[in-house]
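Asks: Just dropping this structure here.
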Amino acid sequence: MKQILEEFLLSIDERGELPASIRGTIYREIEKFSNCKTTSNGHYLRAKLELICARKVLVNWESCKLTDNSASDLLEIAENYLQNQGDVKELENRSSLLYAQAENIMIEGEENFVAAYAGFACVSAALCVLYDISFKG
Numbered sequence: 001m002k003q004i005l006e007e008f009l010l011s012i013d014e015r016g017e018l019p020a021s022i023r024g025t026i027y028r029e030i031e032k033f034s035n036c037k038t039t040s041n042g043h044y045l046r047a048k049l050e051l052i053c054a055r056k057v058l059v060n061w062e063s064c065k066l067t068d069n070s071a072s073d074l075l076e077i078a079e080n081y082l083q084n085q086g087d088v089k090e091l092e093n094r095s096s097l098l099y100a101q102a103e104n105i106m107i108e109g110e111e112n113f114v115a116a117y118a119g120f121a122c123v124s125a126a127l128c129v130l131y132d133i134s135f136k137g
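The sequence shown runs 1 to 137 under UniProt numbering.
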């Protein structure tokens with residue numbers, strides 16, 4: 001799986017997005033792990049994928065003069081939580097704060113949209129760590 005993730009890492013665009021076809025391939029590979037005895041394998045891999053994408057666009061958040069270290073801090077907290085170190089309330093609260101900050105940055109003008117979307121990507125990654133996303137019906 002690590003090799004697959006490394007290959008697809010090159011397909012992440014400057015906005016931190018993977019094309020739908022590549023994302024689908026990754027999720028199909030992840031589902032193989034989800035069917036293992038340890039059901040948390042799939043969640044772990046989905047969360048890691050979200051964190052990888054968010055880290056890829058973190059530079060867009062950090063390059064905006066209206067931002068701070070909150071996105072980077074959130075990703076670090078999410079990584080720690082994924083490793084069973086951390087507090088669910090702190091991760092939820094930091095996610096909410098960053099979401100609000102990204103919304104406020106969007107209000108400041110179109111030139112800040114890329115930074116705001118990078119902030120939203122970080123929030124999405126943190127929420128994936130907290131709450132598993134499932135693609136099964």
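In this text, a Cβ means the ideal position worked out from N, Cα and C, and glycines have one as well.
1) Leaving out the 5 sequence neighbours to the left and right, which residues in its chain are closer than 6 angstroms to residue 102 when beta-carbon positions are compared?
2) Using only CA atoms, which one of 6, 124 and 41 lies nearest to residue 92?
3) Whose CA, out of 43, 113 and 15, lies closest to the CA of residue 83?
4) Rounded C-beta distance between residue 94 and residue 68? I'm assuming under 8 angstroms.
5) Since residue 51 contacts residue 79 with CB under 8 angstroms, what's their CB separation in whole angstroms?
6) Report back the beta-carbon spacing between residue 12 and residue 65 to the nearest angstrom; my notes put them in contact at under 8 angstroms.
7) Expressed to the nearest angstrom, what Euclidean distance is found between the alpha-carbon atoms of residue 21 and residue 59?
Replies: Taking the structure as given:
1) As a first step, residue 102 is located in the sequence shown; it is residue number 102 there, counting from the start. Contacts found: 116, 119 and 120.
2) Position 92 of the sequence shown holds residue 92. It is 124.
3) Sequence index remark: in the sequence shown, residue 83 carries index 83 (1-based). Taking only the C-alpha atoms, the option nearest residue 83 is 43.
4) For the purposes of this step, residue 94 is taken as the residue at position 94 of the sequence shown. For the purposes of this step, residue 68 is taken as the residue at position 68 of the sequence shown. Taking C-beta atoms under 8 angstroms as the contact rule, residue 94 and residue 68 fail to qualify, at a distance of about 12 angstroms.
5) Here the question's residue 51 lines up with position 51 in the sequence shown. Here the question's residue 79 lines up with position 79 in the sequence shown. Right, their Cβ atoms sit about 6 angstroms apart.
6) Here residue 12 refers to the residue found at position 12 when the sequence shown is read from its first residue. Here residue 65 refers to the residue found at position 65 when the sequence shown is read from its first residue. About 25 angstroms; that fails the 8 angstroms criterion.
7) Numbered from its first residue, the sequence shown carries residue 21 at position 21. Numbered from its first residue, the sequence shown carries residue 59 at position 59. Rounded to the nearest angstrom, the gap between the Cα atoms of residue 21 and residue 59 is 25 angstroms.
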